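Visitor: Number 1202 marks the last residue of the sequence shown (numbering that gives the first Met the number 0); no jumps.
Beta carbons are placed, not taken as given, at the ideal position from N, Cα and C, and that holds for glycine.
All values reported here derive from a predicted model rather than from experimental measurement.
A single structure is presented below for examination.
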Amino acid sequence: MSKAKTSSEKSVSANSRTISLLSQLEKINLDSVAGESDRARHVTSKILHLVQSQEKTRKEMTSKGSTGIEVILSTLEKTRDPQTILNILNILIEVVSVGGGRRASVLVTKGGTQILLQLLLTASKDSPPNEELMVLLHTLLAKIGPKDKKIGVKARINGALNISLNLVKRNLQNHKLVLPCLQVLRVYSTNSVNAVSLGKNGVVELMFKIIGPFSKRNTSLMKVALDTLAALLKSKTNARRAVDKGYVQVLLTIYVDWHRHDSRHRYMLIRKGVLQCIKSVTNIKLGRKAFIDVNGMKILYNTSQECLAVRTLDPLVNTSSLIMRKCFPKNRLPLPTIKSAFHFQLPVIPASGPVAQLYNLPPDVDDVVDESDDNDDAETESEIETEIDVDKDQHFKNDDIETDINKLKPRQELGRPIEELRMYEHFFPELSENFQDWDLISKEPKPKPDADLSGPIVVPTASVEHSAEASPSTKGVALKECNPLLTEEYNRRPVFLELPKKDNMKDSSLHQQDDQRNTLPSCQCLSQEIVKGLDRISLQNSAKNDQYYGTGCVAKKESKASLATLACGKACEHVSPCGGSLFEGSSVQLGKLCCTGVDSEEEEDSRSSSSGEHVMLQVSDVLPVHDCDLYLEMVKNTKSIPEYSEVAYPDYFGHIPPSFKEPILERPYGVQRKKISQDIERLIYQNDIIDRVVYDLDNLSCSVPEEADVLKFNSKFESGNLRKVIQIRKNEYDLILNSDVNSNHHHQWFYFEVSGMKTGIGYRFNIINCEKSNSQFNYGMQPLMYSVQEALRSRPCWTRVGTDICYYKNHFSRSSIAAGGQKGKSYYTITFTMHLRKLESMHNPQKIYFRHDVLCETLAGNSCPLVTITAMPESNYYEHICQFRNRPYIFLSARVHPGETNASWVMKGTLEYLMSNSPNAQCLRESYIFKIIPMLNPDGVINGNHRCSLSGEDLNRQWQNPNPDLHPTIYHAKGLLQYLAAIKRLPLVYCDYHGHSRKKNVFMYGCSIKETMWHTSVNAASCDLMEDRGYRALPKILSQTAPAFCMGSCSFVVEKSKKSTARVVVWREIGVQRSYTMESTLCGCDQGKYKGLQIGTRELEEMGAKFCVGLLHLKTKSSSLEYNLPSSLLDIENELIESSCKVTSPTTYVLDEDEPRFLEEVDYSAESNDDQDVELADNAGDYEATNQDDGLSDSDSTKMLLS
């Protein structure tokens, strides 16, 4: 007790003593009596003693409400006594030396910077200047400078800029004085104008005098000098000066010297400082050229390879990697043009936009040549400085968010005359059908006094004047017109399929999880002898079938799942035409996964049966999921631009979800820099590169390599989009994707087949013309592979494969012409290493009303299906028919972006749930009428596009004003909705299914005025807005029922750039409050039941079914007339996503904190300042920030599916 009491008394005594001394000092400042300087000296010395000995005193002086700093600064400003000045400077240094930057910020806000600069200017006039005073002043300025954004401007205005520089010049041997002066120069140099001014006065040359030649003396001074030089060289003017004087080679020499002599790695910070200087000077084109000319690539490559063995040297390896990537000469893609290899003549040429620009390009223009750096050094000597004090968060302000309330308020507009909209009446026969000729189970309702029960009553609808005509023509359409192939094709057994027998066939098999997969049902009953001869399925005759591409691996995406389901010919599960394995999205390691070797007995069997005779392959329909023969019949009516004749094996065999979970892949440490090092070796050791074209869509005469160890590639089938393959090394290939038709970009997902792989060998695939700045491949997503040999063994499934997967910016770029007049952009590399069930046949016509129509024809002449699903009325009595006709509509669509294959799997889950015999499904059908367009862009899917239709345009940006000639599916889909609005039958829910490549989980985007305003500076609470919060009901329900769904990722912000999307137009123009885009990840989940797992077809189909369950909950949780959930479920204020990270665009970009940085801090996106001259950031980090490309859509989707 006595000790505690004594301590407490000492504390109180010290505090009261500090306050007393500060009060005395303040009184001295107010009095101007002679002799007060001695008192001030005495008081300040006592305060200094307290500050040096007690942390509580330092805290008290900078605490909130304390006037200690003001008193000290006031005294410093007024006194002329040298010792008092020294005391005060020591006090301030002690105060800001600990406590982080907060105390320094307090000093800045009290005007300390201005007072210190003025004191520096005054002290510099003394001859000679007081050395101790200069050391203390510069030490203090170096500590508070980083907290004062305007210190550079203040120093320049005060004339203090060159004082520190002159002190260094005159006192090079006085390290005690030079060290703090250099620290201040480094702070000054964060301002670009200051850096240029100092450079003109010889600061660059001065720094090189300090840092060289090699010496281990005064290493602390050298470290500060290197940091200062790195900051100065971020100015392009100073960087050019350094290049002109040959300092690039000097820096490399210094780095090599330190690398050789620092065997115990004690001076890593100095070595890193030299690399930072090289990194700064190579931000300009001249610097990069000089670096190449002095053999910098080989020097840094060799030194970084020697550092790999020591983990603590990783910062050196990573910085060296960034420099080498930046200096790697920009190159053009090895293509004649980046425009698509296929061309489709449009019926109407748009007046403006990228398609118009593409058509207007002169025929001799080379759109591939590299122009990205031509004007890199064209800036003037004066570098403009922004001196406006910008708020921290202003940099992250999203100008894309709509702030005009008048534009946000939905305005229901038909857009077309009601007479014109009547053309869609025949798509709604359920509103006029009286069911008198249907054989329905009679359930007589309770009699009503007013009802005439003598016979059926025709219920009038909005189209009453046409009901008499429409009824006979549509009578029985749900059963009889669902599919013309129903009676003719599907009810007969599959026909025999003629297949040629091929020699030298190589099998490819998957050995993982064999035991589990063997439990899967057989997809086809195939003779083992015939299986060995299966090579290629073709729609042409035997002469065409003689063409051999080999069995091996096929890379392909899961495409058209829902179309297959609805068209009754497309399999819900996609297969690609190759003979080995199909891959989706990234690199496939075929070591244990794909075996192309065959046993000798199998080879003999193959030879014995390869006499050229055709074999008859009978495929029985054991598995009801997929009818191969019917699929072939449907494919014959599909129209593609290249006129494909081959059928992909995944399409033919179908798909069964694997029985095992597939966790998100853990990223191996160092994998990216390893891949980049291999890329750099191409430049350093060019003689080791094969550089042979093995597949070329632009050169039809390109011969298929005959060597056994060269892989065979193909993508000449539906959705295939591989354009060119170049063999780089024996087991490494560069792959180039084809652009969307009538476009020169939009390549991200991939779908191809590859064969010829051998067991135990790893093959590296590099897809080198991706466009997005980031991908889930950096966060554990793997490509999907479909093994043909596994399918032949009755285990047809897409599985996640591939190792050493990463995604990074490469050295290829497109020209400014190709970029639409903007500066040329770089491409990105995905690299990886490799060691439908018919709905009509399912439904019970007594219970399910099913109708399949063709909404319209696409540009290529393909059909766009429209499906209607609801429950049949209980009888043809008035009450039952009335209930049937008055069910609310649910309008669903999917696959507007061809590359978003996962959307089709979600749609498949929705369709199969709606057609199931589940009591809940029946309840759902009795509650709603579903209008579904499962594929809005069939042409894009068929022709292997990533984002566009054949018009070269993103169809999800055409909803505001669709052109009937260029965008027929959007025009007529919108017409259906406009018709429903015209007859006062607005859908309760509209949802467009999409896929997302850069975020995890499944989530929704909706529309809200208030939430949009909350994301802006407008105070939504004060806005006179009344908004029904029911738009949050369905996402909230899904977050509670669907394990993959994440409410925290949902956004209800309306952005200007999304004004022409389906979600916004249906909400704003049609008037549907619950208008959504539902995004499904291509990667996996980071929450819930599936946390840490990659998503598969099983989970996607489950999400489609859970969406239906959510609609049922929406019905049961609300009244029959008003679909409003309890307010507790719609607490927007608590649920609103207020991310601590800065949202550039809630719907387009990944939030800054959405994905944590992986341990290997290698920048995979923007490793240079080519696009802008970033002038000396306050804290120049070791790694540069990732630049994000402009968002492309509500579903920023990159699809990477191998096969």
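How many Å lie between Arg1062 and Glu1098 at the Cα?
Guide: For this step, residue 1062 is matched to residue 1063 along the sequence shown. For this step, residue 1098 is matched to residue 1099 along the sequence shown. Cα to Cα, Arg1062 sits roughly 24 Å from Glu1098.
Visitor: Using a Cβ-Cβ cutoff of less than 7 Å, which residues in the same chain neighbour Lys1058 once the five nearest sequence positions on both sides are dropped?
Guide: Taking the sequence shown and counting its residues from 1, the one referred to as residue 1058 is at position 1059. Cβ within range, chain order: Gln959.
Visitor: What are the boundary residues of the alpha helix (DSSP H) that Thr857 is part of?
Guide: Sequence index remark: in the sequence shown, residue 857 carries index 858 (1-based). Note, Thr857: premise wrong, no alpha helix (DSSP H); not H, not E.
Visitor: Leaving out five residues on either side along the sequence, give the residues of the same chain with a beta carbon under 8 Å from the beta carbon of Ser599.
Guide: As a first step, residue 599 is located in the sequence shown; it is residue number 600 there, counting from the start. Any answer about Ser599 is weak, because its pLDDT of 34 lies below 50 and its placement is not dependable; what the coordinates show is given next. Excluding positions up to five away in sequence, the list is empty.
Visitor: State the Cα-Cα distance for the pair Ala980 and Val347, rounded to the nearest angstrom.
Guide: Position 981 of the sequence shown, counted from the first residue, corresponds to residue 980. Position 348 of the sequence shown, counted from the first residue, corresponds to residue 347. When rounded, the distance between both Cα atoms is 29 Å.
Visitor: On the three-state DSSP scale, how would you describe Ile928?
Guide: Locating residue 928 in the sequence shown gives position 929, where the first residue counts as 1. The answer is strand: DSSP assigns Ile928 an E or B state.
Visitor: Between the Cα of Ile941 and those of Gly860, Leu913, Ala972, spot the shortest distance and give me the residue it belongs to.
Guide: Position 942 of the sequence shown holds residue 941. Of the candidates Gly860, Leu913, Ala972, the one whose C-alpha sits nearest the C-alpha of Ile941 is Gly860.
Visitor: Three-state secondary structure (DSSP) at Ile847?
Guide: Residue numbering aside, residue 847 sits at position 848 when the sequence shown is read from its first letter. Three-state result, Ile847: strand.
Visitor: Out of curiosity, what's the CA-to-CA distance linking Gly158 and Leu171?
Guide: Position 159 of the sequence shown, counted from the first residue, corresponds to residue 158. Position 172 of the sequence shown, counted from the first residue, corresponds to residue 171. Rounded to whole angstroms, Gly158 to Leu171 spans 22 Å at the Cα level.
Visitor: So, using beta-carbon positions, are Met323 and Ile683 closer together than 7 Å?
Guide: Translated into the one-based positions of the sequence shown, residue 323 becomes position 324. Translated into the one-based positions of the sequence shown, residue 683 becomes position 684. No, Cβ-Cβ distance for Met323 and Ile683 is not below 7 Å.
Visitor: Classify Asp991 as helix, strand or coil using the three-state DSSP reduction.
Guide: The residue given as residue 991 occupies position 992 in the sequence shown. Strand.
Visitor: Taking just the CA atoms, how far does Lys408 sit from Thr402?
Guide: Along the sequence shown, one-based indexing puts residue 402 at 403. Along the sequence shown, one-based indexing puts residue 408 at 409. Spanning the two alpha carbons is a distance of roughly 11 Å.
Visitor: Can you tell me which of the three DSSP states Thr798 falls into?
Guide: Counted from its first residue, the sequence shown places residue 798 at position 799. Reduced to three states, the DSSP call for Thr798 is strand.
Visitor: Here's the rule: buried if 16 or more other CB atoms are within 10 angstroms of the residue's CB, otherwise exposed. What is Ser718?
Guide: As a position in the sequence shown, residue 718 is number 719, starting the count at 1. With 16 or more Cβ atoms within 10 Å of its Cβ, Ser718 is classed as buried.
Visitor: Measuring alpha carbon to alpha carbon, tell me which residue in Val1052, Ser1074, Thr1080, Asp803 is nearest Phe1044.
Guide: As a position in the sequence shown, residue 1044 is number 1045, starting the count at 1. The option with the nearest alpha carbon to Phe1044 is Thr1080.
Visitor: Which one or two residues does DSSP pair with Ile162 in a beta bridge?
Guide: Locating residue 162 in the sequence shown gives position 163, where the first residue counts as 1. DSSP, once it has assigned bridges, lists no residue as partnering Ile162.
Visitor: Have a look at Ser163, Leu413, Leu21 and flag the residue whose alpha-carbon is nearest the alpha-carbon of Gly974.
Guide: Looking up residue 974 in the sequence shown gives position 975. Answer by Cα proximity: Leu413.
Visitor: Whose C-alpha, out of Leu854, Phe883, Leu285, Arg763, is nearest the C-alpha of Gly801?
Guide: Taking the sequence shown and counting its residues from 1, the one referred to as residue 801 is at position 802. Closest by alpha carbon: Arg763.
Visitor: Rounded to the nearest angstrom, what separates Arg1028 and Met1102 at their Cα positions?
Guide: The count along the sequence shown starts at 1 and reaches residue 1028 at position 1029. The count along the sequence shown starts at 1 and reaches residue 1102 at position 1103. Using only the alpha carbons, I get a separation of about 24 Å.
Visitor: Does the Cβ of Ser214 have 16 or more other Cβ atoms within 10 Å, making it buried, or fewer, making it exposed?
Guide: Here residue 214 refers to the residue found at position 215 when the sequence shown is read from its first residue. Counting Cβ neighbours within 10 Å, Ser214 comes out exposed, since fewer than 16 surround it.
Visitor: Is Tyr668 buried or exposed, if buried means 16 or more other CB atoms sit within 10 Å of its CB?
Guide: Along the sequence shown, one-based indexing puts residue 668 at 669. Counting Cβ neighbours within 10 Å, Tyr668 comes out exposed, since fewer than 16 surround it.
Visitor: Leaving out the 5 sequence neighbours to the left and right, which residues in its chain are closer than 7 Å to Glu1166 when beta-carbon positions are compared?
Guide: In the sequence shown, the residue the question calls residue 1166 occupies position 1167. Here Glu1166 scores only 35 on pLDDT, less than 50, and its place in the model should not be relied on; the value that follows carries that caveat. These residues qualify, in order along the chain: Leu321, Arg324, Lys325, Lys808, Glu1183.
Visitor: Between Asp30 and Lys199, what straight-line distance do the alpha-carbon atoms span, to the nearest angstrom?
Guide: Your numbering for residue 30 matches position 31 in the sequence shown. Your numbering for residue 199 matches position 200 in the sequence shown. If I take the Cα positions, the gap works out to 46 Å.
Visitor: Please classify Ser1118: is it buried, with 16 or more other beta-carbons within 10 angstroms of its beta-carbon, or exposed?
Guide: Numbered from 1 along the sequence shown, position 1119 holds the residue referred to as residue 1118. Model confidence at Ser1118 stands at a pLDDT of 46, short of 50, so the residue's coordinates are unreliable; what they give is reported in the following sentence. Looking at its Cβ environment, which holds fewer than 16 other Cβ atoms inside 10 Å, Ser1118 is exposed.
Visitor: Thinking C-alpha only, which one of Arg79, Arg155, Ser104, Leu106 is nearest Leu118?
Guide: Taking the sequence shown and counting its residues from 1, the one referred to as residue 118 is at position 119. The option with the nearest alpha carbon to Leu118 is Arg79.
Visitor: Do you know offhand how far Arg691's Cα is from Leu699's?
Guide: Position 692 of the sequence shown holds residue 691. Position 700 of the sequence shown holds residue 699. Roughly 16 Å between the two C-alpha positions.
Visitor: Should Leu935 and Thr909 be called a contact, given that it needs their Cβ atoms to be closer than 7 Å?
Guide: As a working note, residue 935 is residue 936 in the sequence shown. As a working note, residue 909 is residue 910 in the sequence shown. No, the Cβ-Cβ distance between Leu935 and Thr909 is not below 7 Å.
Visitor: According to DSSP, is Ser303 helix, strand or coil?
Guide: As a first step, residue 303 must be located in the sequence shown, where it is residue number 304. If DSSP states are grouped into helix, strand and coil, Ser303 belongs with the helices.
Visitor: Among Leu176, Ser188, Gln182, Cys855, whose alpha-carbon lies nearest the alpha-carbon of Arg155?
Guide: Your numbering for residue 155 matches position 156 in the sequence shown. Of the listed residues, the one whose Cα sits closest to Arg155 is Ser188.
Visitor: What first and last residue would you give for the beta strand (DSSP E) that runs through Met833?
Guide: For the purposes of this step, residue 833 is taken as residue 834 along the sequence shown, with counting starting at 1. 825 to 833 is the span of the beta strand (DSSP E), which, as asked, contains Met833.
Visitor: Tell me the rounded alpha-carbon separation between Thr17 and Ile46.
Guide: Counting from one through the sequence shown, the residue named residue 17 turns up at place 18. Counting from one through the sequence shown, the residue named residue 46 turns up at place 47. Computed Cα separation, rounded: 7 Å.
Visitor: Run through the stretch 22 to 92 for me and flag every whole alpha helix (DSSP H) of 4 or more residues, listed as ranges in chain order.
Guide: 35 to 52, 54 to 61, 67 to 77, all fully within the stretch 22 to 92.
Visitor: Please list, in chain order, all residues of the same chain as Arg102 whose beta carbon is under 8 Å from its beta carbon, the five residues on each side excluded.
Guide: Position 103 of the sequence shown, counted from the first residue, corresponds to residue 102. Around Arg102: Arg57, Thr61, Val94, Val95.
Visitor: What ranges does the beta strand (DSSP E) occupy inside the stretch 903 to 955, keeping only unbroken runs of at least 3 residues that lie completely in it?
Guide: Segments of the beta strand (DSSP E) lying fully in the stretch 903 to 955: 928 to 932.
Visitor: What residue range is occupied by the uninterrupted alpha helix (DSSP H) comprising Asn237?
Guide: To locate residue 237, count along the sequence shown from 1; it is residue 238. Residues 235 to 243.
Visitor: Hey, how far is the Cα of Val853 from the Cα of Gly943?
Guide: As a working mapping, residue 853 is identified with position 854 in the sequence shown. As a working mapping, residue 943 is identified with position 944 in the sequence shown. So the two alpha carbons sit approximately 22 Å from each other.
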